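Asker: Going by the working numbering, the sequence shown opens with residue 651, and the numbers climb by one from there. Can you read through this structure? Questions will come right after.
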Amino acid sequence: MDSRKDEPQTEFIYCCGAATELLTFGSGRLLPEHKVLFLIIPGELNSERDDVFGLNGQIEHKLAFLRKRVPRETGLVLVGHSIGCYIILEMMKRDPELKVLKAVMLFPTIERMAQTPQGKVMTPVLCQMRYLAYLPVFLLSLLPGRLRAFLIQLAFSGLLVNYFPFAANSMYLGGQEMKKVVERDNLTIKKNLDKLIFYYGATDHWCPVSFFHDIKQDFPHGDFRLCERGFRHAFVLDAGQEVASMVVEWLRGSLRT
Numbered sequence: 651m652d653s654r655k656d657e658p659q660t661e662f663i664y665c666c667g668a669a670t671e672l673l674t675f676g677s678g679r680l681l682p683e684h685k686v687l688f689l690i691i692p693g694e695l696n697s698e699r700d701d702v703f704g705l706n707g708q709i710e711h712k713l714a715f716l717r718k719r720v721p722r723e724t725g726l727v728l729v730g731h732s733i734g735c736y737i738i739l740e741m742m743k744r745d746p747e748l749k750v751l752k753a754v755m756l757f758p759t760i761e762r763m764a765q766t767p768q769g770k771v772m773t774p775v776l777c778q779m780r781y782l783a784y785l786p787v788f789l790l791s792l793l794p795g796r797l798r799a800f801l802i803q804l805a806f807s808g809l810l811v812n813y814f815p816f817a818a819n820s821m822y823l824g825g826q827e828m829k830k831v832v833e834r835d836n837l838t839i840k841k842n843l844d845k846l847i848f849y850y851g852a853t854d855h856w857c858p859v860s861f862f863h864d865i866k867q868d869f870p871h872g873d874f875r876l877c878e879r880g881f882r883h884a885f886v887l888d889a890g891q892e893v894a895s896m897v898v899e900w901l902r903g904s905l906r907t
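Take a look at the structure:
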């Protein structure tokens, strides 16, 4: 057996004009005989169709990837985190013919983002003060690569060397999230309720527990779960394996056919 199939493979593709890092497990090429694809959409994402770094551009980017790389008849299991859950709902709304078998929404930021405790803090930063951050980014971009890397490493002990060039894009996307993620898309949720699993945090400052109770009241027959294991919104930092195992257990029964 080829043990490499058990290891993640990384490749870079161009999609919607943006260089896209693609992490795959198993066969690197999708064929018609592959019946199910698991697509994971993270919360921190790096167009209008021409604006691939904006929120609408990120949605179209994912749809374009599926159109170009995935056979139309392939069943899809979508797993989203944070703003990735909003993107999944938009994908299902814009392309209702997608063969979505199940969509798991982890710590979903799908409504009233600017009104949440964290949103109230971050909205001024992302929507107004972010422009102040562009000046040092711009000035550093004028320097030779080695000097730029040295200065960043000197200031941040090397932690942000690889991520610094994407800071402006991330802040731009975050600002759009605060402005555009307002009303919950109840129509899309209603149409796809049997396919959706929502998992809310018990202490999530991006998505208060009141949001969990609200959506559960509006959709009493939906699958809404409240965390009882102390996972935080940014679970990828310390509990990624635990959350992944939990999601796998949820999906086992759903995908048995």
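We treat Cβ as the ideally placed atom computed from N, Cα and C, and that holds for glycine. Please read all numbers here as calculations on a predicted model, not as lab measurements.
1. Please report the straight-line C-alpha distance between Phe-757 and Asn-842, rounded to a whole angstrom.
2. So Arg-871 and Pro-767 are in contact, right, with Cβ under 8 Å, and what is the actual spacing, rounded?
3. How is the beta strand (DSSP E) around Asp-873 delimited, first residue to last?
4. For Val-771, does the three-state DSSP call read helix, strand or coil?
5. Check for me: the alpha helix (DSSP H) holding Val-897 runs from which residue to which?
6. How would you label Val-771, buried or exposed, when you count the other beta carbons within 10 angstroms and need 16 or more for buried?
7. Note down the Cα distance separating Pro-746 from Ser-732, rounded to an integer number of angstroms.
8. Among the residues of its own chain, which have a CB less than 7 Å from the CB of Glu-833, if the five just before and after it don't count?
9. Would you identify the three-state DSSP class for Ile-594, choosing helix, strand or coil?
10. Have a look at Leu-789 and Gly-825 and give me their C-alpha separation to the nearest angstrom.
11. So, with DSSP's three-state summary, where would you put Ile-690?
12. So, using beta-carbon positions, are Asp-873 and Ile-839 closer together than 8 Å?
13. Would you give the residue range spanned by the beta strand (DSSP E) that Ala-714 belongs to?
14. Applying the criterion that 16 or more other CB atoms from any shown protein chain within 10 Å of the CB defines a buried residue, is His-863 buried or exposed?
15. Find out if the Cβ-Cβ distance for the pair Lys-830, Leu-739 is shorter than 8 Å.
16. Kindly indicate which three-state DSSP category Phe-806 falls into: helix, strand or coil?
17. Can you pull the DSSP bridge partners for Gly-730?
18. Closest to Leu-876 by CA distance: which of Gln-891, Cys-857, Ala-884 is it?
19. Could you tell me the alpha carbon to alpha carbon distance between Gly-734 and Arg-796, rounded to whole angstroms?
20. Could you check where the beta strand (DSSP E) with Phe-885 kicks off and where it finishes?
21. Helix, strand or coil: how does DSSP classify Phe-848 here?
22. Please return the same chain residues whose Cβ sits closer than 6 Å to the Cβ of Thr-688, not counting the five positions on each side in sequence.
23. DSSP puts Val-750 in a beta bridge; with which residues?
Answerer: The answer reads as follows:
1. 18 Å
2. Here residue 871 is His; the residue named in the question, Arg, does not match the sequence. Actually they do not touch by this definition, with Cβ atoms about 29 Å apart.
3. 873-876
4. helix
5. 890-905
6. exposed
7. 22 Å
8. Glu-761
9. One cannot answer for residue 594 here, as it falls past the ends of the chain, which runs 651 to 907.
10. 22 Å
11. strand
12. no
13. It is not in any beta strand (DSSP E) - Ala-714 instead sits in the alpha helix (DSSP H) that spans 705-719.
14. exposed
15. no
16. Confidence is the limiting factor: at Phe-806 the pLDDT is only 48, short of 50, which leaves the residue's position unreliable, though a coordinate-based value still follows. Phe-806: helix per DSSP, three-state reduction.
17. Ile-691, Met-755
18. Cys-857
19. 34 Å
20. That residue, Phe-885, is in no beta strand (DSSP E); it is neither H nor E in DSSP.
21. strand
22. The sequence as given places Phe at residue 688; Thr does not occur at that position. Around Phe-688: Val-727.
23. Leu-726
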